[in-house]
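Written below as structure tokens is the structure these notes are about.
Numbering (this note's numbering), first residue to last: 1 to 376.
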């Protein structure tokens with residue numbers, strides 16, 4: 001009997017931790033004593049409690065608190081980060097929010113944040129303001145809150161922040177306040193945000209890659225494009241295409257390996273392994289369509305994986321033709337999904353990700369396969 005695995009543990013976003021640290025520091029400033037436990041509200045209205053790692057009143061006008069981020073079982077680079085809030089009195093009523101050491105600075109448009117300002121997203125800003133307001137009436141007393149994350153600049157090197165124009169540290173993120181392990185929603189949101197940033201830079205070509213290896217191959221294929229044009233789409237091709245159409249992107253290049261391309265060719269745009277399987281029957285059909293012998297088509301139909309089918313094509317000398325036909329079918333699916341609003345190109349790379357083994361259209365060709373009129 002199959003035993004259910006223990007449920008993965010949820011955690012807290014940097015935005016939630018920042019709001020807790022800010023409230024603790026504001027409360028310490030107001031009361032004069034350290035705060036060991038603080039309660040804050042999530043966007044849903046649910047209230048959660050945090051213990052502070054450190055909280056102290058530094059002077060009559062300044063206090064500081066630290067909350068250690070717990071990302072649960074999510075492989076988050078900011079797990080264990082010491083999210084720090086420094087709260088200082090100011091003369092004018094109201095709340096001023098800024099970023100300190102380890103919080104990135106926004107240098108490019110498309111993120112919905114002020115250029116030159118801290119990378120603290122709108123929902124965390126609201127959470128921080130609400131949390132501080134529960135400790136101090138900022139309509140009467142003015143406070144300046146600075147959120148910092150020691151070692152945040154190092155953490156940011158493991159993210160795509162620099163490509164998005166966030167320099168010098170991490171982003172203070174979160175829309176629900178909760179980190180759900182391996183969250184598909186957060187990945188989809190990051191893909192959509194990356195497409196928006198590309199468009200805001202005035203770039204008209206979006207290169208979608210399924211992962212790190214395919215991204216390397218895509219960059220070798222398109223050395224003329226800046227890094228912002230390359231987006232690791234994962235399983236969210238459909239979401240990326242929708243956002244590209246919304247933002248007026250004119251050209252989309254998809255670079256992938258045999259398995260993901262097969263799913264897309266079958267019309268499956270959410271390609272996560274739990275939701276779809278590679279159709280070796282489709283690959284067998286392609287084998288026959290490009291003139292492969294019946295015996296090879298039967299072998300391909302019985303292949304264990306997309307990679308196995310790829311290796312059968314390669315051994316039979318059919319890889320260039322079959323790969324190009326697979327790319328053509330993917331191009332047709334993506335073009336129809338986008339209703340002809342973008343020109344589509346598709347490239348298949350080998351399993352190192354570095355070598356393009358097939359592409360559609362051929363160099364210099366046109367990606368349009370659908371008679372649908374283009375929207376401008």
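Note that CB positions come from ideal geometry on N, CA and C, so glycine has one too.
- Secondary structure note for residue 332: it is in no beta strand (DSSP E), and the uninterrupted alpha helix (DSSP H) holding it is 319-337.
- If you ignore the 5 residues before and after residue 313, its C-beta comes within less than 6 angstroms of the C-beta of 319, 322, all in its own chain and listed in chain order.
- For residue 261, the uninterrupted alpha helix (DSSP H) run begins and ends at 258-265, by DSSP.
- Comparing alpha-carbon positions, the option among 277, 278, 279, 317 lying closest to residue 296 turns out to be 317.
- Taking C-beta atoms as the reference points, residue 326 and residue 348 count as a pair closer than 8 angstroms.
- The C-alpha of residue 298 lies about 10 angstroms from the C-alpha of residue 285.
- Approximately 21 angstroms separates the beta-carbon atoms of residue 60 and residue 38; this is outside 8 angstroms, ruling out the contact.
- The alpha-carbon separation between residue 176 and residue 260 amounts to approximately 30 angstroms.
- For residue 147, no alpha helix (DSSP H) segment is defined; the enclosing uninterrupted segment is the beta strand (DSSP E) at 142-148.
- The three-state reading of DSSP puts residue 196 in helix, counting H, G and I together.
- Just measuring C-alpha positions, the residue of 265, 358, 282 sitting nearest residue 331 is 265.
- Note: residue 98 is bridge-paired with 146 in the DSSP secondary-structure output.
- Per DSSP, residue 59 lies in no alpha helix (DSSP H) segment; the continuous beta strand (DSSP E) that holds it begins and ends at 54-59.
- Closest by C-alpha distance to residue 209, out of 200, 302, 240, is 240.
- In the three-state scheme derived from DSSP, where H, G and I count as helix and E and B as strand, residue 48 is classed as strand.
- Secondary structure note for residue 17: it is in no beta strand (DSSP E), and the uninterrupted alpha helix (DSSP H) holding it is 14-31.
- The beta carbons of residue 25 and residue 64 sit about 6 angstroms from each other, so the pair counts as a contact at 8 angstroms.
- Across the set 203, 310, 232, the C-alpha of 232 shows the shortest separation from the C-alpha of residue 188.
- With a contact defined as Cβ atoms closer than 8 angstroms, residue 34 and residue 53 miss out at about 11 angstroms.
- In this chain, the alpha helix (DSSP H) harbouring residue 132 covers 122-135.
- Around the beta carbon of residue 136, 16 or more other beta carbons sit within 10 angstroms, so the residue counts as buried.
- Judged by beta-carbon spacing, residue 95 lies beyond the 8 angstroms limit of residue 119, meaning their Cβ atoms are not closer than that value.
- With respect to the 8 angstroms criterion, residue 170 and residue 287 are not classified as neighbours on the basis of their beta carbons.
- Judged by DSSP in its simplified three-state form, residue 227 adopts helix.
- Nearest to residue 138 by C-alpha distance, out of 162, 81, 23, 203, is 23.
- Under a 10 Å Cβ-count criterion, residue 283 is classified as buried, with 16 or more other Cβ atoms of the shown protein chains found around its own Cβ.
- Beta-bridge analysis with DSSP links residue 206 to 252.
- The three-state secondary structure of residue 80, taken from DSSP, is coil.
- Going by DSSP, residue 356 is part of no alpha helix (DSSP H) but of the beta strand (DSSP E) stretching over 356-360.
- Listed as beta-bridge partners of residue 169 by DSSP are 102.
- Bridge partners of residue 350 according to DSSP: none are assigned.
- Less than 8 angstroms divides the Cβ of residue 173 from the Cβ of residue 14.
- Nearest to residue 207 by C-alpha distance, out of 310, 343, 122, 292, is 343.
- Between residue 178 and residue 12, the gap from beta carbon to beta carbon is short of 8 angstroms.
- One Cα belongs to residue 111, the other to residue 352, and the distance between them is close to 33 angstroms.
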